[in-house]
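*Asks:* Just so you know, we're using the numbering used here here: the sequence shown kicks off at 44 and counts up by one.
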Amino acid sequence: MTHKPLPDNLHPDTLAVRAGIERSQYGENSEALFLTSGFVQPDAETSARRFAGTEPGYTYARTSNPTVAGFEQRLAALEGTEAAIAASSGMGAILMMGMGLLRAGDHVVCSQSVFGSTLNLFGKEFAKFGIDTTFVSQTDIAQWQAAMRPNTKLLFAETPTNPLGEVCDIRALADLAHAAGALLAVDNCFCSPALQLPAALGADLIIHSGTKYLDGQGRVMAGAICGPSKLIVDVFGPIVRTAGMVLAPFNAWVVLKGLETLRIRMQAQSATALSMAQWLQTHPAVARVYYSGLASHPQHELAMRQQSGLGGAVLSFDVQGSDPAAARANAFRVIDSTRVVSIATNLGDTKTIITHPGTTSHGRLSEAQRQAAGIGQGLIRLAVGLEHLDDLKVDLARGLDSLI
Numbered sequence: 044m045t046h047k048p049l050p051d052n053l054h055p056d057t058l059a060v061r062a063g064i065e066r067s068q069y070g071e072n073s074e075a076l077f078l079t080s081g082f083v084q085p086d087a088e089t090s091a092r093r094f095a096g097t098e099p100g101y102t103y104a105r106t107s108n109p110t111v112a113g114f115e116q117r118l119a120a121l122e123g124t125e126a127a128i129a130a131s132s133g134m135g136a137i138l139m140m141g142m143g144l145l146r147a148g149d150h151v152v153c154s155q156s157v158f159g160s161t162l163n164l165f166g167k168e169f170a171k172f173g174i175d176t177t178f179v180s181q182t183d184i185a186q187w188q189a190a191m192r193p194n195t196k197l198l199f200a201e202t203p204t205n206p207l208g209e210v211c212d213i214r215a216l217a218d219l220a221h222a223a224g225a226l227l228a229v230d231n232c233f234c235s236p237a238l239q240l241p242a243a244l245g246a247d248l249i250i251h252s253g254t255k256y257l258d259g260q261g262r263v264m265a266g267a268i269c270g271p272s273k274l275i276v277d278v279f280g281p282i283v284r285t286a287g288m289v290l291a292p293f294n295a296w297v298v299l300k301g302l303e304t305l306r307i308r309m310q311a312q313s314a315t316a317l318s319m320a321q322w323l324q325t326h327p328a329v330a331r332v333y334y335s336g337l338a339s340h341p342q343h344e345l346a347m348r349q350q351s352g353l354g355g356a357v358l359s360f361d362v363q364g365s366d367p368a369a370a371r372a373n374a375f376r377v378i379d380s381t382r383v384v385s386i387a388t389n390l391g392d393t394k395t396i397i398t399h400p401g402t403t404s405h406g407r408l409s410e411a412q413r414q415a416a417g418i419g420q421g422l423i424r425l426a427v428g429l430e431h432l433d434d435l436k437v438d439l440a441r442g443l444d445s446l447i
């Protein structure tokens, strides 16, 4: 069905509900869900052209699908990039990026504070294929500079980090990468395009775990890379078609619907997270709170500039403990005392989630890696949802008060 193209310069709230809609002949107002593995061709010649890529059109679901394409177009519009390509998960997106950009003998500089699986992917899996990675402080630009080599091809950071909320200067890292002929990739899943636009600050590629805030209700797995068409289409497109880390149409449809409420969810959850962080700072059983929205956070001013003045919905805090074993026991006590929040390892849900990073998201790391990343045994991560603030305070206080 033909439809009027969207005008230029629409606001993000409008793009979140209007971009990426390709209506069928039935004229549906909500995005259609195309559950099919293949697409019937009108004739052999058209089929040949479409499979060769000389004519647009859908052929096979591992190559493209209208629902997935709608998600890609909408996410690219929100991030302000030329294009986006979907993957089966956020980690699948990072794997796709590495397969497309890196080869034996290449070097990567990566924050030592990124998600545990990301650390393992760069440090262990990519190393099997002759790719060397240097891990550096998230916040010390001098360490990034010192780690650069003539064969450095990629700088990789997530900001804020999981779970300590460390913030890197995206513009400074982009300038450093480009001066060396390298690319900067930024994992933006904690802020999402509702709060932060890395491409506007010079990042070349933006990584997403759509499993988090893009979906927003903990329903499906999804991932994506946003960036220039020359990389998205020419470099990563063939990898998806060949390696098969394709996003399922149903998952794409779910995340498409999640994007419609992304901004209002992020604003509401960020506001509650700030109030929770301020309250936790005053509790005698809490040794330290990690949240970039707090004025006490080391990168607070930078975070407010990069993140639309908001701290996001994830915070972490250390409970008191005389030694690592005692701190871990106290953290488990707080977690096990909750009745409202969910004990799980995901984040980005409308339901508040509590987890112990040292034994879950970062549990596969060595103790040295955990210490380098600042992950202590008393650390608790709280991904704030949409429950009432007072109910969340009471739920946390039940365990915290028992430690006094």
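C-beta atoms are modelled at their ideal positions from N, C-alpha and C, and glycine is treated no differently.
Predicted model, so just to flag it, every value in this text is computed and none were measured.
#1: What does the alpha-carbon distance come out to for the pair Asp56 and Asn373?
#2: If Ile250 and Ala119 are in contact, beta carbons under 8 Å, what's the gap, nearest whole angstrom?
#3: Do Gly266 and Met134 have their C-beta atoms within less than 9 Å of each other?
#4: Return helix, strand or coil for Phe82, following the three-state DSSP convention.
#5: Within its chain, find whatever has a CB closer than 7 Å to the CB of Thr304; leave out the 5 residues flanking it on each side and keep chain order.
#6: With a cut-off of 8 Å, do at least 3 Cβ pairs link the segment 412 to 421 to the segment 362 to 376?
#7: Note down, one range per segment and in chain order, each alpha helix (DSSP H) of at least 4 residues found wholly within the segment 351 to 439.
#8: Specify the secondary structure class of Leu164 as computed by DSSP and reduced to three states.
#9: So who's on the other strand from Ala200, going by DSSP bridges?
#10: Does the segment 157 to 164 come close enough to the segment 193 to 213 to have 3 or more Cβ pairs within less than 8 Å?
#11: Please tell me whether Arg105 and Glu98 are closer than 9 Å, where the distance is taken between their beta carbons.
#12: Please report the distance separating the alpha-carbon of Lys255 from that of Thr388.
#13: Can you name the start and end residues of the alpha helix (DSSP H) that Ile64 belongs to?
#14: Quick check on the burial criterion: 16 or more other C-beta atoms within 10 angstroms. Buried or exposed for Tyr69?
#15: Relative to the C-alpha of Ser154, which residue among Leu358, Val298, Thr176 is closest?
#16: So the alpha helix (DSSP H) Ile250 belongs to, where does it begin and stop?
#17: What residue from Ser359, Ser132, Leu216, Thr195 has the CA that sits closest to Ser180's CA?
#18: Ala59 to Ala346, Cα distance in whole Å?
#19: State the start and end residues of the unbroken beta strand (DSSP E) segment that holds Gly270.
#20: Between Val332 and Ala320, which are expected to be in contact by the criterion C-beta below 8 Å, what is the C-beta distance as a whole number of angstroms?
#21: Does the Cβ of Ile268 have 16 or more other Cβ atoms within 10 Å, making it buried, or fewer, making it exposed?
#22: Secondary structure at Ile174, three-state DSSP: helix, strand or coil?
*Replies:* On the basis of the data shown:
#1: Locating residue 56 in the sequence shown gives position 13, counting from the first residue. Locating residue 373 in the sequence shown gives position 330, counting from the first residue. About 42 Å.
#2: On the sequence shown, residue 250 is found 207 positions in, with the first residue counted as 1. On the sequence shown, residue 119 is found 76 positions in, with the first residue counted as 1. The distance from the Cβ of Ile250 to that of Ala119 is about 13 Å, inconsistent with a contact at the 8 Å cut-off.
#3: Your numbering for residue 266 matches position 223 in the sequence shown. Your numbering for residue 134 matches position 91 in the sequence shown. Yes, the pair counts as a contact, with Cβ atoms nearer than the cut-off.
#4: The sequence position of residue 82 within the sequence shown is 39, counting from 1. Three-state result, Phe82: coil.
#5: Counted from its first residue, the sequence shown places residue 304 at position 261. Only Gly259 meet the Cβ criterion.
#6: Counting C-beta pairs with one atom in each stretch, the segment 412 to 421 and the segment 362 to 376 have three or more that are closer than 8 Å, which means they touch.
#7: 367 to 379, 410 to 416
#8: The residue you call residue 164 lines up with position 121 of the sequence shown. Leu164: helix per DSSP, three-state reduction.
#9: In the sequence shown, residue 200 corresponds to position 157, counting from 1. Note: Ala200 sits in a beta bridge opposite Val229.
#10: yes
#11: By one-based count along the sequence shown, residue 105 stands at place 62. By one-based count along the sequence shown, residue 98 stands at place 55. Not in contact: Arg105 and Glu98 (Cβ atoms no closer than 9 Å).
#12: The residue labelled residue 255 in the question sits at position 212 within the sequence shown. The residue labelled residue 388 in the question sits at position 345 within the sequence shown. When rounded, the distance between both Cα atoms is 11 Å.
#13: Position 21 of the sequence shown, counted from the first residue, corresponds to residue 64. Careful: Ile64 lies outside any alpha helix (DSSP H) and carries neither H nor E.
#14: Taking the first residue of the sequence shown as 1, we reach residue 69 at position 26. Exposed, because fewer than 16 other Cβ atoms sit within 10 Å of the Cβ of Tyr69.
#15: Working through the sequence shown from its first residue, we reach residue 154 at position 111. Among Leu358, Val298, Thr176, the Cα nearest to that of Ser154 belongs to Thr176.
#16: In the sequence shown, counting from the first residue as 1, residue 250 sits at position 207. No alpha helix (DSSP H) holds Ile250; the beta strand (DSSP E) holding it covers 248 to 252.
#17: As a working mapping, residue 180 is identified with position 137 in the sequence shown. Closest option to Ser180, Cα to Cα, is Leu216.
#18: Looking up residue 59 in the sequence shown gives position 16. Looking up residue 346 in the sequence shown gives position 303. Near 24 Å, if we compare the C-alpha coordinates of Ala346 and Ala59.
#19: Your numbering for residue 270 matches position 227 in the sequence shown. Segment 266 to 270, the beta strand (DSSP E) holding Gly270.
#20: Residue 332 sits at position 289 when you count from the first residue of the sequence shown. Residue 320 sits at position 277 when you count from the first residue of the sequence shown. Their Cβ separation, rounded to whole angstroms, is 5 Å, which keeps Val332 and Ala320 in contact under 8 Å.
#21: Mapped onto the sequence shown, residue 268 falls at position 225. That one is buried.
#22: Within the sequence shown, the letter at position 131 stands for residue 174. Here Ile174 sits in coil by DSSP.
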